[in-house]
Amino acid sequence: MKNTNMNLTNAMENRDKIIVKTSIVGIVANIFLAGFKAAVGLLTNSIAIVLDAVNNLSDALSSVITIIGTKLANKLPDKKHPLGHGRIEYLSAMIVAAIVLYAGGTSLVESIKKIIHPEKAEYTVTSLVIIGVAILVKIFLGRYVKAKGEAVNSGALIASGADASFDAILSASVLASALIFIYTGLSLEAIVGVVISIFIIRSGIEMLQETLNDILGARADREMTVGIKRLICEEPEVRGAYDLIVNNYGPNRNYASVHIEVPDTMTVDELDVLTRRIEAKVFHETGVILTGVGVYSYNTKDDEASKMRNKVIETVIAHDWALQIHGFYVDIPAKQMRFDVVFSFDIDASEGVDIITGELYQLYPDFTIQIAPDVDITD
């Protein structure tokens, strides 16, 4: 576990360096863009360009908060926070979302004022060239930041990259409205400002929703959970991997527990070797730390037990709300049967247990039946 923690720390440090470096590039680019656009907007009396500049400024501020959040999230664990401070990144993302919402709301108000009290814009060739250059910068910045975000699994950078690409589209709409005004005399400045404001607000709401999902505890990524189960089931002694629960304590900080189904002939010593091998394998391949590996045993010495297992499975999965049965074991001499059932969210688990128990008592009236209900937590 010591080597695991060291590897995790090194990986986090490298990840943080990339996030900070990429965010600094975003800050510098957005400050320059905001400055040029603000100057052009004020000189040409264009509300759309000024609001576009405000959007760039909010992007720069978001990058600053991303850096602060990343630094705080990388603080070493302490007694009060033994699993680290990784979730601070989610809190910083909420602050970024709030800034975006505020910028969008303010822009919307100012744009509506310009619709009510319009002012004539005056464009120059220089101002149009600056807007065109800004569009190209945002396109390249968006691709760069998004690629870095995907490389280090940073939701904040991926979102910033996508936002930058979207900003390029918004800037293009500002340029288009300017050209329309020059050639037709039709002023769409304030209307374009309203459109930009609405998109900014929408972006802020989406960011807030994603962050709240992370804080509340969203369903674990399917690719990750299926991959972990596949790695475990590659072990020849393991017949199945179940009850995988992944707890997230920040980006790339995942701790999990799982049950494995193994033959009832294995010794404790053999199980110890197996579980340690599985823990090392899963961390090496996925970066997920398995904090616990529970065990289900299955019958290997009695053909009658296998027949009973097949009959029970047939009975249980006949119900749409019974997604899976696992951990089946029967002690025929003692007339005891036990297993777990994964229930969907379409039925109350206790109700499902009562229904299945009633059906099985009709098949095996002399047996004691113990059913443990599981929740459909991971794929």
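For what it's worth, the numbering used here labels the leading residue of the sequence shown as 1405, then goes sequentially. C-beta atoms are modelled at their ideal positions from N, C-alpha and C, and glycine is treated no differently. These numbers come from a predicted model, not from an experiment.
- The criterion of a C-beta distance shorter than 7 Å is satisfied by L1465 and I1503.
- By DSSP's assignment, Q1774 forms a beta bridge with R1742.
- Along the segment 1513 to 1560, the alpha helix (DSSP H) occurs as fully enclosed runs of 4 or more residues at 1529 to 1556, listed in sequence order.
- By the Cβ test, the segment 1658 to 1666 is in contact with the segment 1692 to 1711, since at least three Cβ pairs between them sit closer than 8 Å.
- Taking 7 Å as the cut-off, the beta carbon of S1467 is found no closer than this to the beta carbon of S1511.
- Here A1726 carries a strand assignment [DSSP, helix/strand/coil].
- In this structure V1549 is not in contact with A1576, their Cβ atoms being roughly 19 Å apart against a cut-off of 8 Å.
- The closest CA to that of I1535, considering only N1434, S1607, F1440 and Y1506, is found on F1440.
- Around the CB of F1749, fewer than 16 other CB atoms lie within 10 Å, so the residue is classed as exposed.
- T1761: member of the alpha helix (DSSP H) spanning A1753 to L1767, first to last residue.
- Looking at the backbone, the Cα of G1553 and that of L1648 are separated by about 27 Å.
- Within the segment 1448 to 1520, complete alpha helix (DSSP H) segments of at least 4 residues are found at 1451 to 1477 and 1492 to 1520, given in chain order.
- For Y1653, the secondary structure class from DSSP, reduced to helix, strand or coil, is coil.
- Taking a contact as a CB-CB distance under 8 Å, the pair A1433 and G1445 does not count as one, their CB atoms being some 18 Å apart.
- Exclusion of the five residues before and after G1654 leaves A1477, G1490, R1491 and E1493 as the residues of its chain whose Cβ lies within less than 6 Å of its Cβ.
- Taking the Cα of D1783 as reference, the smallest distance to any Cα among L1678, Y1646 and D1707 is reached at Y1646.
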